[in-house]
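For the record, the sequence lines run as chains A and B. Sequence positions in the first sequence follow our numbering and run 1 to 312. Sequence positions in the second sequence follow our numbering and run 313 to 650. Glycine included, each C-beta is placed from N, C-alpha and C at the ideal position. Heads up, the thing below is written out as structure tokens.
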Amino acid sequence: MLRFVLNRFLAMILTLWVIATLTFLLMHAIPGSPFNNLNGKVLSDAAVKNLEAHYHIDQPLPVQYLIYLKSIATFTYGPSIKQPAQTVNDLLGRGFPVSFELGMWALVVAVLTGVVLGIFAALKHNGLIDYLAMTLAVLGISIPNFVLATLLIQEFAVNLHLLPAGTWQGLAYMIMPIIALATGPMAIIARLIRSSMLEVLTQDYIRTAQAKGLPPFIIVMKHALKNALLPVVTVLGTLAASILTGTFVIEKIFAIPGMGKYFVDSINSRDYPVIMGTTMFYSALLIFMLFLVDLAYGWLDPRIKQSKEGSK
Amino acid sequence: MKKSSGKLLEVKNLHVSFQTHGGEVHAVRGVDFDIEQGETLAIVGESGCGKSVTSLAVMGLIPKPHGKIVAGSIQFKGTEITALSAKRMRRIQGSDLSMIFQDPMTALNPTLTIGSQLTEGIIYQKKLSRQAAHQKAIEMLQLVGLSNAEQRMKQYPHQFSGGMRQRIVIAMALICKPSLIIADEPTTALDVTIQAQILELFDQIQEETNVSMIMITHDLGVVAKTADRVAVMYAGKIVEMGNKRDIFYHAKHPYTQALLNAIVRLDLPSDTLKPIEGAPPDLFAPPQGCSFCDRCPFAMEVCRHVQPPTTAVDDHHTADCWLLDKRADAIRQKVEIY
Chain A
1 MLRFVLNRFL
11 AMILTLWVIA
21 TLTFLLMHAI
31 PGSPFNNLNG
41 KVLSDAAVKN
51 LEAHYHIDQP
61 LPVQYLIYLK
71 SIATFTYGPS
81 IKQPAQTVND
91 LLGRGFPVSF
101 ELGMWALVVA
111 VLTGVVLGIF
121 AALKHNGLID
131 YLAMTLAVLG
141 ISIPNFVLAT
151 LLIQEFAVNL
161 HLLPAGTWQG
171 LAYMIMPIIA
181 LATGPMAIIA
191 RLIRSSMLEV
201 LTQDYIRTAQ
211 AKGLPPFIIV
221 MKHALKNALL
231 PVVTVLGTLA
241 ASILTGTFVI
251 EKIFAIPGMG
261 KYFVDSINSR
271 DYPVIMGTTM
281 FYSALLIFML
291 FLVDLAYGWL
301 DPRIKQSKEG
311 SK
Chain B
313 MKKSSGKLLE
323 VKNLHVSFQT
333 HGGEVHAVRG
343 VDFDIEQGET
353 LAIVGESGCG
363 KSVTSLAVMG
373 LIPKPHGKIV
383 AGSIQFKGTE
393 ITALSAKRMR
403 RIQGSDLSMI
413 FQDPMTALNP
423 TLTIGSQLTE
433 GIIYQKKLSR
443 QAAHQKAIEM
453 LQLVGLSNAE
463 QRMKQYPHQF
473 SGGMRQRIVI
483 AMALICKPSL
493 IIADEPTTAL
503 DVTIQAQILE
513 LFDQIQEETN
523 VSMIMITHDL
533 GVVAKTADRV
543 AVMYAGKIVE
553 MGNKRDIFYH
563 AKHPYTQALL
573 NAIVRLDLPS
583 DTLKPIEGAP
593 PDLFAPPQGC
603 SFCDRCPFAM
613 EVCRHVQPPT
623 TAVDDHHTAD
633 CWLLDKRADA
643 IRQKVEIY
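So, in structure tokens, the structure goes:
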């Protein structure tokens, strides 16, 4: 087990390095420089030269690349170019907790409602609940989250005055962004659970459990669900990615002070330290989530853990 | 070792049918049998004759909503179990009436330890504490001949061989001390040496616990080794029933005779295989007369139109065949060459 974790850790470092290199190349492939238009002021050539020297942008690319790798390794990205009063770590420290809170709530809501909806649909296969749940799922998959967000604001904030339309100041402010963000992944999970549940329920070991006289609730929760969860865990990594990046759009719509603003603005304004800081941070987070997914596999299906340990 | 304390299970005129895309399949068409405490009844027949469906009906496990007990009665210890609610039925399932399934490779849940699968039944049914159930499960594993029971409890099904898994399935069926175990082809999925060991185990268990058993099988070797009485099923009906000696030495129904005749004899040249010609009837539209008449070498005109009545050969042996009718005496003389 330890060996497996270690191997995975090395692979994670390697992946991060590839991402860092690609980001670096793309970042510098975009024409323009951070100092083309600094907060609306046009700078003199001498000032630009000074600034470039300060941020090492006048150095040849390979040298910049090495400086860049060093800053990633030591997690010191330095100050933002556009807002020199703040370091990238400051921005991450302020924006990330908000984005993370929104993303995690959305993920939890998506998984819980998706699983419950999927189970009910499978148990009432071809019944009314099944059709309702699957109609909801198709709608959830087909409506983009920014459209749903706009509709929610129109209905619940503008028309009904039930919920605040934006910002991030407590539970009531969280409801609409979470719904907007969670609906798509929830629909995907519900459909997956339904189909895998339907398959699992026809397995022989379910009949064995019935022959023991166990009530349907225990059979579904203990015997069927663990087996039916496997395909969901497979997509959970990608879903987490789509939720975390989805927060950027949703944050913009609901005026939530998360990471999204910095992420998008930094690319528009070629704010190199912020681009690399946020990209590396999110990459690391996603890779870590995929690692958790792999661990969850072993827990759900002991056969997988066995073969992994056996092959290493 | 038979203890006659009345009938443990009485099945009368059982009809089961399934709703399929092609229409209604009449899988079991009027089955009668009973079983006493400590007795083993073997139900023999080819695939699709309704033997498994009969056992599922007794277990209350006919898959809903497609399958349905259309008519008949199943009395277990004097209780009519076809009329029980699902909840009351669950109190009997697994505790007083348990089942061993055909394929031990798929009958166990791959994601749960065998300890958890062994104990969950008795924890739920008998409200035992975890520790007590654990202890009980270890006893059961020892009873079915698994060594290192304590460590085995923590292992998963994929860590066991087929024979060991079947032993675990048997331990699972025994743990609540049921009065009746239904074993649906318990040895079919196993190789021959393991088959012999498992049958040996059944013998030993029955000696120790006096449990009754219904042994569903298509293997006459298994019947010979385990059964007290034998019911031969064909196309959803029991066509002949008697004790082991009646069936193996004095079979009266042409189907039973053909079945016995089809056993591969290793002491004869291999070109003497004697299959039963033809195929069983289509149960979407069961025949009007005797269901075996199309394949029967002795079929008479009456067989095609009227179902043969159950005729007693003696007090413990019956067969459904027109040849046993008094009016067929002359023909029977010629036929009884087996």
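Residues of chain A whose Cβ lies closer than 7 Å to the Cβ of Met411(B) are, in chain order, Ala211. Restricting attention to Phe24(A), Gln83(A), Ser99(A) and Phe100(A), the CA atom closest to the CA of Ser71(A) is found in Phe24(A).
Classified as exposed, Asp641(B) has fewer than 16 neighbouring CB atoms from the shown chains inside 10 Å of its CB. In the structure shown, Gly372(B) falls within a coil segment according to DSSP collapsed to helix, strand and coil.
Check the Cα spacing between Pro231(A) and each of Val200(A), Asn7(A) and Asn89(A): the tightest is with Val200(A). Cβ neighbours of His125(A) within its own chain (closer than 7 Å, five residues either side excluded): Leu198. Taking 4 residues as the shortest admissible run, the region 136 to 204 of chain A contains the following complete alpha helix (DSSP H) segments, listed from N- to C-terminal end: 145 to 152 and 171 to 200.
The three-state reading of DSSP puts Leu225(A) in helix, counting H, G and I together. Only those residues of the region 229 to 242 of chain A whose C-beta falls short of 8 Å from the nearest C-beta of chain B would be listed, and there are none.
DSSP places Ser385(B) within a strand segment (E or B) once states are collapsed to three.
Put simply, the backbone Cα of Lys319(B) is about 33 Å away from that of Ile218(A). Neighbours of Gln437(B) in chain A, taken as residues whose beta carbon is under 8 Å from its own, are Lys212 and Gly213 in chain order.
Per DSSP, Leu230(A) is one residue of the alpha helix (DSSP H) stretching across Leu230 to Phe254. Across the set Arg464(B), Asp531(B), His470(B) and Asn522(B), the C-alpha of Asp531(B) shows the shortest separation from the C-alpha of Glu497(B). By the CB criterion at 9 Å, Ile480(B) and Pro490(B) fall outside the cutoff. Of the residues Leu236(A), Ala47(A), Asn50(A) and Tyr272(A), the one whose Cα lies closest to the Cα of Ala182(A) is Leu236(A). The DSSP-derived three-state label of Ala624(B) is strand.
By the CB criterion at 9 Å, Glu552(B) and Asp632(B) fall inside the cutoff.
Closer than 9 Å to the CB of Val456(B) there is not a single CB belonging to chain A. In this structure Val544(B) touches Leu571(B) by the C-beta definition: roughly 7 Å separates them, less than 8 Å. Burial state of Phe9(A) is exposed, judged by a 10 Å Cβ sphere holding fewer than 16 other Cβ atoms. Taking the beta carbon of Asp294(A) as reference, no residue of chain B falls within 8 Å; the closest one sits roughly 16 Å away. For the region 49 to 80 of chain A, there are no residues whose beta carbon sits under 9 Å from a beta carbon of chain B. Contact between Ile175(A) and Leu163(A) holds, since their C-beta atoms are separated by about 6 Å, short of 8 Å. Sorting Gly474(B), Ala445(B) and Ile347(B) by C-alpha distance to the C-alpha of Asp415(B) places Gly474(B) at the top.
Listed by position along chain B, the residues whose Cβ is nearer than 9 Å to that of Tyr131(A) form an empty set, because the closest Cβ is around 17 Å away. Runs of the alpha helix (DSSP H) lying entirely within the region 446 to 506 of chain B and spanning at least 4 residues, in chain order: 461 to 464 and 474 to 486. Inside the region 67 to 127 of chain A, DSSP marks whole alpha helix (DSSP H) runs of 4 or more residues at positions 88 to 123, from first to last along the chain. Asn325(B): member of the beta strand (DSSP E) spanning Lys319 to Thr332, first to last residue.
The Cβ atoms of Val88(A) and Pro257(A) do not sit closer than 9 Å to each other. In the assembly as shown, Trp634(B) is a buried residue. Its beta-carbon has 16 or more other beta-carbons within 10 Å. Interface criterion met: the Cβ of Tyr205(A) is under 9 Å from a Cβ in chain B. In this structure, Thr568(B) and Ile575(B) do not form a Cβ contact; the two beta carbons are roughly 12 Å apart against a cut-off of 8 Å. Annotated three-state conformation of Val523(B) is coil, per DSSP. Glu336(B): member of the beta strand (DSSP E) spanning Gly335 to Glu348, first to last residue. Among the residues of chain A, those whose CB is under 9 Å from the CB of Leu420(B) are Asp204, Tyr205 and Thr208, following chain order.
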